[in-house]
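Visitor: Here's a structure for you.
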Amino acid sequence: MSIELLVNVAPFETRIARIENNLAEEIYIERESERGLKGNIYKGRVQRVLPGIQAAFVDIGMEKAGFLYAGDIATAKQDDDVISDEMESGDETGNDNESPESHYSRRNAPAIDSLIKDGQELMVQVSREPIASKGPRLTTQIGLAGRYLVYLPHLDHIGIARRLEEPKERERLLEIGEKLSPKHGGLIIRTVAEGRNEEDMREDLDFLLRLWGDIEKRSKGSSLGTMIHKELNLYLRVMRDYVDSEVEKIHIDSKEAYESMKKFARRFMPEVAKKLYYYPGQRPIFDVYGVEDAIDRALQRRVPLKSGGYIVIDQTEALIAIDVNSGSFVGSRNMEETGFKTNLEAVHEIVHQLRLRNLGGIIVVDFIDMEEQENRQRLMEVLKEALKRDKAKTHIVQLSELGLVEMTRKRTRESLGRILLKECHRCHGVGSAKSSTTICYQLFREVVAEARAYPCEKLMVIAHPEIIDLMLGEENKGVEQLEQFLGKEITLESNEQFAPDHYEIVLQ
1 MSIELLVNVA PFETRIARIE NNLAEEIYIE RESERGLKGN IYKGRVQRVL
51 PGIQAAFVDI GMEKAGFLYA GDIATAKQDD DVISDEMESG DETGNDNESP
101 ESHYSRRNAP AIDSLIKDGQ ELMVQVSREP IASKGPRLTT QIGLAGRYLV
151 YLPHLDHIGI ARRLEEPKER ERLLEIGEKL SPKHGGLIIR TVAEGRNEED
201 MREDLDFLLR LWGDIEKRSK GSSLGTMIHK ELNLYLRVMR DYVDSEVEKI
251 HIDSKEAYES MKKFARRFMP EVAKKLYYYP GQRPIFDVYG VEDAIDRALQ
301 RRVPLKSGGY IVIDQTEALI AIDVNSGSFV GSRNMEETGF KTNLEAVHEI
351 VHQLRLRNLG GIIVVDFIDM EEQENRQRLM EVLKEALKRD KAKTHIVQLS
401 ELGLVEMTRK RTRESLGRIL LKECHRCHGV GSAKSSTTIC YQLFREVVAE
451 ARAYPCEKLM VIAHPEIIDL MLGEENKGVE QLEQFLGKEI TLESNEQFAP
501 DHYEIVLQ
């Protein structure tokens with residue numbers, strides 16, 4: 001598989017696209033005015049402890065207070081698996097949909113009011129970006145990510161990332177980790193450390209220890225609500241966390257960013273330096289690779305399939321709903337075969353869209369109904385196989401009798417749609433608006449109310465041309481009946497500046 005990264009840098013925004021076999025699969029966006037918080041460290045103050053939900057609000061100097069669970073407060077010894085899963089920076093972790101281990105850790109954590117008190121000062125790190133109406137999720141389990149290691153200054157723990165599965169390699173790296181174990185704190189050996197020697201990881205640890213020393217010094221002289229450590233910018237963070245042996249080339253369209261990445265690579269990851277290429281072309285790099293078109297398609301609700309079928313994706317507060325339809329596809333002998341082929345094609349597009357749009361949380365897919373058990377089983381096998389390309393952790397529930405598949409996907413940042421789109425000021429996220437007839441009849445009712453409440457000889461209605469045309473046309477008889485009922489003349493005036501659902505009633 002051919003994998004490349006495209007880095008598009010502008011003063012106001014940085015965008016990175018992961019290209020697999022000439023297809024944009026993942027998009028990362030960071031705006032300077034909305035710089036991500038994950039990994040930042042703050043000197044905070046506990047606003048309110050909530051024993052009923054084992055959590056607390058912590059003021060970190062932002063508009064929304066951060067949320068701190070009891071299970072995210074560092075104690076003398078934490079569960080190894082939970083730490084590895086929650087803090088292995090760079091592996092899609094830490095979100096609303098915690099693993100069973102995370103729930104277990106929270107349930108079995110000490111009472112939160114025995115760990116922290118209202119008004120207490122805490123050094124906290126953002127473990128999850130603010131999403132929708134929720135503030136950032138915080139942890140006192142500070143983790144400083146390097147190239148090969150994560151340094152845990154407050155925890156006594158030596159662990160290995162779960163993605164490293166080969167037993168002998170895990171044993172070898174664990175031995176190195178034990179040798180490197182710092183006097184204070186612990187370590188997690190990251191996925192990219194596979195095949196690395198002790199010297200590489202010792203250099204990484206030395207850098208992280210110096211960084212932690214600087215953070216401690218800044219913390220002592222900082223006021224409450226102050227950021228005392230800022231995570232790397234997007235392109236350096238992606239290079240640190242997501243560039244592995246699979247990535248063949250990294251194209252950067254900014255000379256300044258190229259030099260910065262080159263300098264970073266030479267110091268921390270020399271094997272990556274040779275993969276960096278400066279793109280000087282006049283045509284935008286995202287246009288050359290078709291990424292702009294892919295982003296535009298990813299913002300649409302309906303996604304066409306090559307066969308003539310299509311899928312519809314609806315993102316709600318509670319879950320992601322995906323509907324599969326055969327559309328104009330009629331190239332099979334019967335309905336069972338048509339549904340099966342459409343479903344198989346839809347599976348690959350669904351996985352592609354989940355990654356491209358960065359959709360997470362609970363996902364429900366309504367596949368086309370199939371009667372044959374063999375076809376249903378094959379569909380689930382194809383879905384599981386397709387999801388292996390996704391770095392985000394997923395969990396699938398078996399296909400139901402209604403043809404529904406429930407699954408969860410790890411979510412660490414806002415979806416592409418929530419970054420690039422805003423709520424419609426007309427429908428406020430409903431996706432539809434009042435019809436002209438509904439607005440017209442609402443107007444009629446208000447005319448009656450106004451005429452009865454205030455004395456007048458006649459009334460003037462000012463509204464959008466679409467509403468006035470309706471009242472002069474189909475609803476003209478209704479206007480005449482209203483005049484007879486009130487015994488007052490009603491004049492109409494159109495105003496193109498008005499929104500379709502806005503109108504004024506003037507008493508004369």
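For the record, in the sequence shown the residue sitting at position 487 is 487 according to the UniProt record's numbering, with numbers rising by one throughout.
Built from N, CA and C at the ideal position, the CB exists for glycine as well.
Values in this document were obtained by computation on a predicted structure and should not be read as measured data.
Are at least three pairs of beta-carbons, each pair with one atom in the segment 333-342 and one in the segment 453-467, less than 8 Å apart?
Guide: Touching, no, given that fewer than three Cβ pairs across the two stretches are closer than 8 Å.
Visitor: Leaving out five residues on either side along the sequence, give the residues of the same chain with a beta carbon under 8 Å from the beta carbon of Leu202.
Guide: Just to set this straight, residue 202 is Arg in the shown sequence, not Leu. Here the set comprises Leu180.
Visitor: Below 7 Å CB to CB, which residues in the same chain sit around Leu344 once its five sequence neighbours on both sides are set aside?
Guide: Excluding positions up to five away in sequence, the list reads Leu379 and Val382.
Visitor: Kindly give me the distance between the Cβ atoms of Gly159 and Ile116, rounded to whole angstroms, as I take these residues to be in contact under 8 Å.
Guide: 25 Å between Cβ atoms; not a contact.
Visitor: Hey, out of Val430, His428, Glu423 and Phe485, whose CA is closest to Ala451's CA?
Guide: That would be Phe485, whose Cα lies nearest to the Cα of Ala451.
Visitor: In angstroms, rounded to a whole number, what distance separates the CA positions of Ile490 and Glu483?
Guide: Cα to Cα, the separation comes out at about 6 Å.
Visitor: In chain order, what residues of the same chain have a beta carbon less than 8 Å from the beta carbon of Glu199, not counting five sequence neighbours either side?
Guide: Answer for Glu199: no residue qualifies.
Visitor: Is it the case that the segment 299-315 contacts the segment 12-24, given that we only count it when at least three CB pairs across the two stretches are under 8 Å?
Guide: No: fewer than three Cβ pairs fall under 8 Å.
Visitor: Once DSSP output is grouped into helix, strand and coil, what is the label at Met1?
Guide: Of the three classes helix, strand and coil, the one that applies to Met1 here is coil, per DSSP.
Visitor: Do Leu173 and Ala193 come within 8 Å of each other at the CB atom, strictly closer than that value?
Guide: A contact, by the Cβ cut-off of 8 Å.
Visitor: Got a sec: is the Cβ-Cβ distance from Asp206 to anything in chain B below 8 Å?
Guide: In summary, chain B is missing from the structure at hand, where a single protein chain is found.
Visitor: From which residue to which residue does the beta strand (DSSP E) around Asp323 run?
Guide: Ile320 to Asn325 is the span of the beta strand (DSSP E), which, as asked, contains Asp323.
Visitor: His229 lies in the alpha helix (DSSP H); which residues open and close that run?
Guide: Segment Thr226 to His229 is the beta strand (DSSP E) holding His229; no alpha helix (DSSP H) there.
Visitor: For Pro304, write down the residues that DSSP places opposite it in a beta bridge.
Guide: Note: Pro304 sits in a beta bridge opposite Tyr310.
Visitor: Could you give the uninterrupted runs of the beta strand (DSSP E) lying entirely in the segment 107-179, keeping only those of 3 residues or more?
Guide: Correct list: 121-128, 137-139, 149-152 and 158-160.
Visitor: Which of the three DSSP states is assigned to Gln484 in this structure?
Guide: It is helical.
Visitor: Excluding the 5 residues flanking Gly195 on each side, which residues of the same chain have their C-beta closer than 8 Å to its C-beta?
Guide: Excluding positions up to five away in sequence, the list reads Glu169.
Visitor: Within the same chain, show all residues whose beta-carbon is closer than 6 Å to that of Arg413, passing over the 5 residues directly before and after it, in chain order.
Guide: Around Arg413: Glu129.
Visitor: On the three-pair Cβ rule with 8 Å, is the segment 219-237 touching the segment 27-40?
Guide: The segment 219-237 vs the segment 27-40: in contact.
Visitor: CB-CB under 6 Å to Ala433, same chain, minus the five flanking residues each way: which ones, in chain order?
Guide: Closer than 6 Å at the Cβ level, and outside the excluded window around Ala433, lie Arg426 and Cys427.
Visitor: Using only alpha-carbon positions, find the residue among Tyr258, Val272 and Arg218 that is nearest to Val243.
Guide: Answer by Cα proximity: Val272.
Visitor: Evaluate contact between the segment 46-64 and the segment 438-458, counting only Cβ atoms and requiring at least three cross-stretch pairs below 8 Å.
Guide: Too few Cβ pairs lie closer than 8 Å, so no.
Visitor: Suppose the cutoff is 6 Å on Cβ atoms and the five residues either side in sequence are ignored; what does the same chain contact list for Phe367 look like?
Guide: Excluding sequence neighbours, Phe367 sits near Val324, Asn343 and Gly403.
Visitor: Less than 8 Å between the C-beta atoms of Glu248 and Ser2, yes or no?
Guide: Cβ atoms of Glu248 and Ser2: closer than 8 Å.
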